[in-house]
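A.B. asks: Here's a structure for you.
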Amino acid sequence: MAKHVEEKYGHKKEQNMLSTKLIELYKPYFGKDKISLWEYIKAYDSGNFVIDGQYDKYLILGWLIFFPGFLWLFGYLSFFTPPVYLIADRQRGILYSYGMGKVRLTRYKEAQFGYAGNMLAIKLYGINEKTGQLKTILYRPNVSHYSSFLTSTDSENHRFITFLNAYMQQGRDAVSPVDYQARKPFLSFGKNPLPADFEQQVKQILAKLDQEKKTMRKIDKEGTE
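Counting from 1 along the sequence shown, just add 249 to a position and that's the residue number in the working numbering.
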């Protein structure tokens, strides 16, 4: 618009009262192909310029407000969220994870795998602090080589389950000839220490699972009599 005003009204013979106002308004931008974002916002906010509406102004203001927030959230999730791993304990025959001081687990032989949407999920159990009863937690393992945001493909999910079954059923030699450690994240500041009462929580959850299993068997038996 500034270029249009400059070209049309730049000559004195083309000027009148209206054009003079336009020239004074747009004069700071004559000869500029681009202006800074701050100049753009000030110009739109002044209300002196002809625009299609307030949508563009609010879009820019919203972008300036939400984009830094998005970057903060992305950075927090990427670098400061404590890692929560799935651990396969072949000796005990359990799969477990822990976070925020709480343990969740299931027996490998009773493990239930499925999909929550498009994401692989494993049903784990923990203790409800209020009721003291079992509660169900869907653990979504991230097995992608390329991302830490649960974007693993079907092929990667199948390889993970095959790996897990081979290890739990046949031992380490079935998956690797030597001991190895998982690759650590390049940058990670989140901490997730093992709960101090880890063993106590494991025993409590396993006892609840056994108790629930006995109850279900009793119900099934009574139903068939």
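From the three backbone atoms N, C-alpha and C, an ideal C-beta is built for every residue, glycine too. None of these values were measured; they are calculated from a predicted model.
(1) Does Phe438 come out as helix, strand or coil in the three-state DSSP assignment?
(2) Please classify Val427 as buried or exposed, where buried requires at least 16 neighbouring CB atoms within 10 angstroms.
(3) Could you compute how far the alpha carbon of Glu461 sits from the alpha carbon of Lys467?
(4) Please classify Lys262: does DSSP put it in a helix, a strand, or coil?
(5) From which residue to which residue does the beta strand (DSSP E) around Thr385 run?
(6) Please classify Tyr429 as buried or exposed, where buried requires at least 16 neighbouring CB atoms within 10 angstroms.
(7) Going by the C-beta, is Ile454 closer than 8 Å to any heavy atom of the ligand ADP?
(8) By DSSP's criteria, Asp338 is part of a beta bridge. Which residues make up the other side?
(9) Is Leu320 helix, strand or coil by DSSP?
(10) If you draw a straight line from the alpha carbon of Gly324 to that of Ile314, how long is it in whole angstroms?
(11) Can you name the start and end residues of the beta strand (DSSP E) that Met368 belongs to?
(12) Mind checking whether Arg339 and Ser346 have CB atoms under 9 Å apart?
(13) For Ala415, report the span of its alpha helix (DSSP H) as first-last.
(14) Three-state secondary structure (DSSP) at Ala365?
(15) Does DSSP put Leu354 in a helix, in a strand, or in coil?
(16) For my contact list, Ala370 and Arg389 are in at a C-beta cut-off of 8 Å; report their separation, rounded to the angstrom.
(17) From Gly348 to Gln382, what distance separates their C-alpha atoms?
(18) Would you tell me roughly how many angstroms separate the C-alpha atoms of Arg386 and Gln449, rounded to the nearest one?
(19) Count the other CB atoms, across all protein chains shown, that sit within 10 Å of the CB of Gly375; report buried if there are 16 or more and exposed otherwise.
C.D. replies: Reading from the atomic positions:
(1) Locating residue 438 in the sequence shown gives position 189, where the first residue counts as 1. Reduced to three states, the DSSP call for Phe438 is coil.
(2) On the sequence shown, residue 427 is found 178 positions in, with the first residue counted as 1. It counts as exposed.
(3) In the sequence shown, the residue the question calls residue 461 occupies position 212. In the sequence shown, the residue the question calls residue 467 occupies position 218. Each residue's Cα considered, the two are about 10 Å apart.
(4) Taking the sequence shown and counting its residues from 1, the one referred to as residue 262 is at position 13. Because Lys262 carries a pLDDT of 46, less than 50, the predicted location of this residue cannot be relied on, and the following value inherits that uncertainty. Helix.
(5) As a first step, residue 385 must be located in the sequence shown, where it is residue number 136. First-last of the beta strand (DSSP E) with Thr385: 383–388.
(6) By 1-based counting over the sequence shown, the position of residue 429 is 180. Result: exposed.
(7) Annotation note on the ligand ADP: not contained in the displayed structure, which lists no ligands.
(8) Mapped onto the sequence shown, residue 338 falls at position 89. The partner list for Asp338 (beta bridge, DSSP) reads Ile343.
(9) Here residue 320 corresponds to residue number 71 of the sequence shown, with the count starting at 1. DSSP places Leu320 in helix when its eight states are reduced to three.
(10) In the sequence shown, residue 324 corresponds to position 75, counting from 1. In the sequence shown, residue 314 corresponds to position 65, counting from 1. Going from the Cα of Gly324 to the Cα of Ile314 covers about 16 Å.
(11) Here residue 368 is taken as the residue at index 119 of the sequence shown, counted from 1. Residues 368–376.
(12) Translated into positions along the sequence shown, residue 339 becomes position 90. Translated into positions along the sequence shown, residue 346 becomes position 97. In this structure, Ser346 does not lie closer than 9 Å to Arg339 by Cβ.
(13) As a first step, residue 415 is located in the sequence shown; it is residue number 166 there, counting from the start. Counting along the chain, the alpha helix (DSSP H) containing Ala415 begins and ends at 403–419.
(14) Within the sequence shown, residue 365 is the residue found at index 116, counting from 1. DSSP places Ala365 in strand when its eight states are reduced to three.
(15) Here the question's residue 354 lines up with position 105 in the sequence shown. Strand at Leu354.
(16) As a working note, residue 370 is residue 121 in the sequence shown. As a working note, residue 389 is residue 140 in the sequence shown. With a Cβ gap of about 5 Å, Ala370 and Arg389 count as contacting.
(17) Here the question's residue 348 lines up with position 99 in the sequence shown. Here the question's residue 382 lines up with position 133 in the sequence shown. The straight-line gap from Cα to Cα measures roughly 19 Å.
(18) By one-based count along the sequence shown, residue 386 stands at place 137. By one-based count along the sequence shown, residue 449 stands at place 200. Rather than Arg, the amino acid found at residue 386 in this sequence is Ile. Ile386 and Gln449: Cα-Cα distance of roughly 19 Å.
(19) Within the sequence shown, residue 375 is the residue found at index 126, counting from 1. That one is buried.
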